[in-house]
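J.: Have a look at this one.
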């Protein structure tokens, strides 16, 4: 594509040719021919200019060594983690590539840092040059790097050539989570529907009873047997029962702006923090949500499963959150992460206790103020916490 | 993050390259036009202009621009005065002074490239004045500097827009200067090849120019005299001898004395740009007395026209290929107009031109060095077969004047003519036979033996000396033709000279002065013949050179597009007045529309300012003035405010509490609809003082 400078040169060539014709000054023919000559050479040179360029990209933490491509698993980071991207451009074509400009876009970076225009003054054949930049993983997600756009106008800016360099690179960024050691709200006596632990096949001894035929001799509590003179066995807590279920609102609302500090993103961070707590405590952790693409798995999730799901999930469902809450049954402990606190949702929350579900609801509003629906519909039998995207961490630990 | 290099050093380099490129056409002009002092002054002025433009505080206000506007007009007036006062190349001087003035406004990269285009125009002026290949050196130098400036500009632009620059190469990768040199060499060679091929195949235009040539020099005034005035006549003349160093050709005179001997110097006396090789004819002689030629009729006919003069010919003569020539006189010449045969129009700064009875064109005064004039000729295409058929009664005037012979012509001369012509049944072949005999039988010698007193020149040349110079050959041909009853005359002028294919000029030297014959054929007019060995046997214009290799014996073909272009240009030249009128009208309309848009915008802005000032007082502008002073202060310390940088962005770039306070006040003054209060003004004043103290402290 000729640049404005090339058009100017062409115009000058025509003008000088006209002047040469008018004045018959031989030098002016040479002037015109010099412009034409440079024009032609610049055009010829521009033809294969960017053809032989190759690219590789590596993603790694600034303090860890680069891992050569291709790698077997996706590089993973957490929100807020520092990220170093290294680009290596190799010339396997033209004898020399001059003044190449390009734009790298890092989709995981904060918006002002996403565009990374670069400039390569000269790359001779078989040479390679590296660029690197450091940024931070701004928000969770599964990111694909767009093609790198290269362009150059050659050494003199006469013909501009462009070439997108495809280099599929992916990056998985897990949501930020709070390393929650205790969840006072769940563990506190104040919790209205907290029940005594059930007897089950757990590891915690919660009492003793008389031996019954069929009991394993390993369960005999010898000290009590010696004291009472009868066979007494240990009873264990049922650790399957206090599974923690987190209900996500995956309904897509038209017009909702994707934002790092949106209630939805905060809900995911809360979910990740609760997941961390549950996996640390050995409590089975379930996620609930309704979405055509991102319905969570039914079984209890491992820590890796939680992060992978929360990194990728998008609010693309159509069912209202209240509908999901109405469907929940047989769940002993539910944490409802309410991002759109409507009256219907609050009503649905208030009915959960009737189905034997202890409920802790986090109402996430943009500024942490109580939603208007709550004034109209006060909740009972539900522990409520109102948080904002900026203070959820403190509220969670409280 | 890869490091980003500062671009200020590149900016300086670009400016230096552009300045150097500006100097090249100055040098070329100084060399070609001899205007050393103006060129030196202009060179210094341009450097000063660049220094001023590069200053961070050279924010072009209204006053500097007004000054530049006035200076441009002063320079233009100087050129006009120079034209009337005989200043040396006033147009070229105006061009370079105009560039000096605009050099004070070269703040942006765009301006730098505009001035390169201006330099190109200066180089164009030098090219029109240059007659040697020396200009090629300047062209090469200019191209190199301009390309280097393009490269640096691209480099700078790339660096400015980039966040990332490549990491330093690993130490294992040794610097490779050779491939880079090789790349540059390859690029240069490829460009040279492309330019050469383009030059080779560029169609040359040979027709009448679309815009007729005009000269804005003082015209020659007065009436044309019948006497030929030759300024080259030496004060002390050794009768009949020239030692080969003289510029004086005795043929450019009212009489041509054939007893004269000797050669002329090799000095170039004029340059001719012409699309066709030809002899440059001046005048003819009709009367021969045995030892000298003269003009029997000194009547002059004034040519019609003013600046452009038409030569009266019959319609038949005004057909054929148009050949447009431009003559640049280097050494003073007689009051004769040289032209390729047959001239039809003369473009010259003179109040009057005249034609003599022998079809020689005269000017009022001798042609002084530096005189330029143009001639449009129609190339006659004399076909031997047609000339052989030429028969018919001779006009009385021709018969009376061009068959004259003195009684001293010997019988053996007449006998030789008769013998040579006898085998032929037509005048053309007879003359060709005489011509061929002279070409092949006699030796050319600048210094034949001295002419014996009382002898007739032709007899002495043909039978005694049997060697001589062109005048003797031509006189022999004319006399023998006349003896056969064929009208003939001796013509003087210059041979074509050496053609410089690069400059496109025929370089005509003093020793190209020449004489040849013209033979009259009924129905065809005068046909030139040259019997002198070593010269062109057909001394009238060759076919028009339509490309570089026109007329080459290797490639006997012409570029088809050349003729088309010439034909198109001829049409355009006829339509030129209408085209120029239409273009002017279009430009006037365009200018009116533009002015209308600009004036409306300015009027609106002025009204807006007036209304905003109603309640502002002077505080708003006072604060902004303080801010500008602050920015200028920082710019002097190397913290220049970038183009398009907002006040806030600039303040963020250079953290300083004083600048922050000043910026806050300026933003209030600039953007708040209500006028700033006294407190804001005081805050701005205090902030500026703090900024100045800060700067002083840093300096210490």
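Residue numbers (this note's numbering), protein chains in the order written: chain A, 437 to 834; chain B, 94 to 793. The beta-carbon is built from N, C-alpha and C at its ideal position, and this holds for glycine as well.
(1) Would residue 565 of chain A pass as an interface residue toward chain B - the criterion being a Cβ-Cβ separation below 8 Å?
(2) Please check the pair residue 619 of chain B and residue 629 of chain B, which I expect to be a contact at CB under 8 Å, by giving their CB distance rounded to whole angstroms.
(3) So which of B/638, B/109, B/624 and B/735 has the shortest CA-CA distance to residue 530 of chain B?
(4) From residue 289 of chain B to residue 469 of chain A, what does the alpha carbon distance come to, in whole angstroms?
(5) Along chain A, which residues have their Cβ under 7 Å away from the Cβ of residue 155 of chain B?
(6) Classify residue 738 of chain B as buried or exposed, calling it buried when 16 or more other Cβ atoms lie within 10 Å of its own Cβ.
(7) From this set, B/615, B/588, B/182 and B/251, which residue's C-alpha is nearest residue 607 of chain B's C-alpha?
(8) I'd like to know whether the C-beta atoms of residue 112 of chain B and residue 132 of chain B end up nearer to each other than 8 Å.
(9) With a Cβ-Cβ cutoff of 8 Å, do residue 621 of chain B and residue 369 of chain B count as a contact?
(10) Can you list, in chain order, the residues of its chain whose CB lies under 6 Å from that of residue 573 of chain B, leaving out five sequence neighbours each side?
(11) Quick one: list the residues of chain A neighbouring residue 213 of chain B, beta-carbon separation under 9 Å, in chain order.
(12) Using a beta-carbon distance cut-off of less than 8 Å, what residues from the segment 687 to 718 of chain A approach chain B?
(13) Counting only beta-carbon separations shorter than 8 Å, does residue 707 of chain B have a partner in chain A?
(14) Considering only the alpha carbon of each residue, which of B/683, B/678, B/760 and B/750 lies closest to residue 715 of chain B?
(15) Hey, out of B/449, B/417, B/416 and B/412, whose CA is closest to residue 387 of chain B's CA?
(16) Tell me whether residue 395 of chain A is buried or exposed, calling it buried when 16 or more other Cβ atoms sit within 10 Å of its Cβ.
(17) With a threshold of 8 Å between beta carbons, is residue 628 of chain A in contact with chain B?
(18) For the alpha helix (DSSP H) containing residue 472 of chain A, list its first residue and its last residue.
(19) So what's residue 453 of chain B in DSSP terms, helix, strand or just coil?
(20) My guess is that residue 718 of chain A and residue 742 of chain A are in contact by the Cβ rule of under 8 Å, so how many angstroms apart are they, rounded?
(21) Only counting the same chain, and skipping five residues up and downstream in sequence, which positions put a Cβ closer than 6 Å to that of residue 720 of chain A?
(22) Give, in chain order, every unbroken run of the beta strand (DSSP E) that is at least 3 residues long and sits entirely within the segment 537 to 618 of chain B.
(23) What three-state label does DSSP hand residue 359 of chain B in the structure shown?
(24) With the cut-off set at 8 Å, would you say residue 199 of chain B and residue 138 of chain B are in Cβ contact?
(25) Could you please give me the residues that DSSP links to residue 418 of chain B through a beta bridge?
(26) Leaving out five residues before and five after residue 749 of chain A in sequence, what residues of the same chain have Cβ atoms less than 6 Å from its Cβ?
(27) Would you say residue 532 of chain A reaches chain B, if we count a Cβ-Cβ gap shorter than 8 Å as a contact?
(28) Residue 699 of chain A: buried (16+ other C-beta within 10 angstroms of its C-beta) or exposed?
(29) When DSSP labels each residue in this structure, what does residue 280 of chain B get in the three-state scheme?
(30) Listing by chain order, which chain A residues have their CB less than 8 Å from the CB of residue 304 of chain B?
(31) Does any residue of chain B have a CB that is nearer than 8 Å to the CB of residue 455 of chain A?
(32) Can you name, in chain order, every residue of its own chain whose Cβ lies under 6 Å from the Cβ of residue 190 of chain B, other than the five neighbours on each side?
(33) Among the residues of its own chain, which have a CB less than 6 Å from the CB of residue 627 of chain A, if the five just before and after it don't count?
(34) At the 8 Å Cβ level, is residue 369 of chain B part of the contact set with chain A, yes or no?
(35) Using the beta-carbon count (16 or more within 10 Å), is residue 746 of chain B buried or exposed?
(36) Using CA atoms only, rank isn't needed, just tell me which of A/452, A/551 and A/617 is closest to residue 210 of chain B.
T.: This is what the structure gives:
(1) Here residue 565 of chain A refers to the residue found at position 129 when the first chain is read from its first residue. By the rule that beta-carbons nearer than 8 Å mark a contact, residue 565 of chain A touches chain B.
(2) Within the second chain, numbered from 1, the residue matching residue 619 of chain B stands at position 526. Within the second chain, numbered from 1, the residue matching residue 629 of chain B stands at position 536. Contact between residue 619 of chain B and residue 629 of chain B is absent: CB atoms are separated by about 16 Å, not below the 8 Å threshold.
(3) Start at 1 with the first residue of the second chain, and residue 530 of chain B comes out as number 437. Put simply, of B/638, B/109, B/624 and B/735 the residue whose alpha carbon is nearest the alpha carbon of residue 530 of chain B is B/624.
(4) For the purposes of this step, residue 289 of chain B is taken as the residue at position 196 of the second chain. For the purposes of this step, residue 469 of chain A is taken as the residue at position 33 of the first chain. The straight-line gap from Cα to Cα measures roughly 8 Å.
(5) For this step, residue 155 of chain B is matched to residue 62 along the second chain. Within 7 Å Cβ-Cβ: nothing; residue 155 of chain B doesn't reach chain A, min ~29 Å.
(6) In the second chain, residue 738 of chain B corresponds to position 645, counting from 1. Exposed, since its Cβ has fewer than 16 Cβ neighbours within 10 Å.
(7) For the purposes of this step, residue 607 of chain B is taken as the residue at position 514 of the second chain. Taking only the C-alpha atoms, the option nearest residue 607 of chain B is B/588.
(8) As a working note, residue 112 of chain B is residue 19 in the second chain. As a working note, residue 132 of chain B is residue 39 in the second chain. The answer is no: Cβ separation not under 8 Å.
(9) Within the second chain, residue 621 of chain B is the residue found at index 528, counting from 1. Within the second chain, residue 369 of chain B is the residue found at index 276, counting from 1. Cβ distance not < 8 Å, so residue 621 of chain B and residue 369 of chain B don't count as in contact.
(10) As a working mapping, residue 573 of chain B is identified with position 480 in the second chain. Around residue 573 of chain B: 510 and 527.
(11) Here residue 213 of chain B refers to the residue found at position 120 when the second chain is read from its first residue. Around residue 213 of chain B, the beta-carbon contacts reaching into chain A at under 9 Å are 448, 452 and 467.
(12) Within the segment 687 to 718 of chain A, no residue has its Cβ closer than 8 Å to any Cβ of chain B.
(13) Numbered from 1 along the second chain, position 614 holds the residue referred to as residue 707 of chain B. The predicted position of residue 707 of chain B is uncertain, since its pLDDT is 48 and thus under 50; a value taken from the coordinates is nonetheless stated next. False, the Cβ-Cβ gap to chain A never drops below 8 Å.
(14) Position 622 of the second chain, counting from 1, holds the residue named residue 715 of chain B. Ranking the options by Cα distance to residue 715 of chain B, first place goes to B/760.
(15) As a first step, residue 387 of chain B must be located in the second chain, where it is residue number 294. Ranking B/449, B/417, B/416 and B/412 by Cα distance to residue 387 of chain B puts B/449 first.
(16) Limits of chain A in this structure are 437 at one end and 834 at the other, which puts residue 395 of chain A out of reach.
(17) As a first step, residue 628 of chain A must be located in the first chain, where it is residue number 192. At residue 628 of chain A, the pLDDT of 44 sits below 50, so the modelled position is not reliable; the number obtained from the coordinates is stated separately. No, its Cβ sits nowhere closer than 8 Å to a Cβ of chain B.
(18) Locating residue 472 of chain A in the first chain gives position 36, counting from the first residue. Residue 472 of chain A -> alpha helix (DSSP H) spans 462 to 483.
(19) As a working note, residue 453 of chain B is residue 360 in the second chain. Secondary structure at residue 453 of chain B: coil, using DSSP grouped into helix, strand and coil.
(20) Against the first chain, residue 718 of chain A aligns to sequence position 282. Against the first chain, residue 742 of chain A aligns to sequence position 306. The pair is not a contact, with the Cβ atoms about 14 Å apart (cut-off 8 Å).
(21) In the first chain, residue 720 of chain A corresponds to position 284, counting from 1. Answer for residue 720 of chain A: 679 and 736, listed in chain order.
(22) Assignment of beta strand (DSSP E) within the segment 537 to 618 of chain B, counting only whole runs of 3 or more residues, yields 581 to 587, 591 to 593, 598 to 602 and 606 to 614 in chain order.
(23) Sequence index remark: in the second chain, residue 359 of chain B carries index 266 (1-based). Residue state, collapsed to three classes: coil.
(24) Within the second chain, residue 199 of chain B is the residue found at index 106, counting from 1. Within the second chain, residue 138 of chain B is the residue found at index 45, counting from 1. Going by C-beta atoms, residue 199 of chain B is not nearer than 8 Å to residue 138 of chain B.
(25) The count along the second chain starts at 1 and reaches residue 418 of chain B at position 325. Answer is B/468, bridged to residue 418 of chain B.
(26) Residue mapping note: residue 749 of chain A aligns to position 313 of the first chain, counting from 1. Listed in chain order, the non-local C-beta contacts of residue 749 of chain A below 6 Å within the same chain comprise 730, local neighbours out to five positions each way being set aside.
(27) The residue given as residue 532 of chain A occupies position 96 in the first chain. Residue 532 of chain A counts as touching chain B.
(28) By one-based count along the first chain, residue 699 of chain A stands at place 263. It counts as buried.
(29) Looking up residue 280 of chain B in the second chain gives position 187. Helix.
(30) Along the second chain, read from residue 1 onward, the residue named residue 304 of chain B stands at position 211. Within chain A, the residues whose beta carbon sits less than 8 Å from that of residue 304 of chain B are 458, listed in sequence order.
(31) Residue 455 of chain A sits at position 19 when you count from the first residue of the first chain. Taking Cβ atoms only, chain B reaches closer than 8 Å to residue 455 of chain A, which makes this a yes.
(32) Translated into the one-based positions of the second chain, residue 190 of chain B becomes position 97. Sequence-distant Cβ neighbours of residue 190 of chain B in its own chain, meaning closer than 6 Å and more than five residues away, are 168.
(33) For the purposes of this step, residue 627 of chain A is taken as the residue at position 191 of the first chain. Here the model assigns residue 627 of chain A a pLDDT of 43, short of 50, so the residue's position is not dependable, and the following value carries that caveat. Answer for residue 627 of chain A: no residue qualifies.
(34) To locate residue 369 of chain B, count along the second chain from 1; it is residue 276. Chain A has no Cβ within less than 8 Å of the Cβ of residue 369 of chain B.
(35) Residue mapping note: residue 746 of chain B aligns to position 653 of the second chain, counting from 1. Result: exposed.
(36) Here residue 210 of chain B is taken as the residue at index 117 of the second chain, counted from 1. It is A/452.
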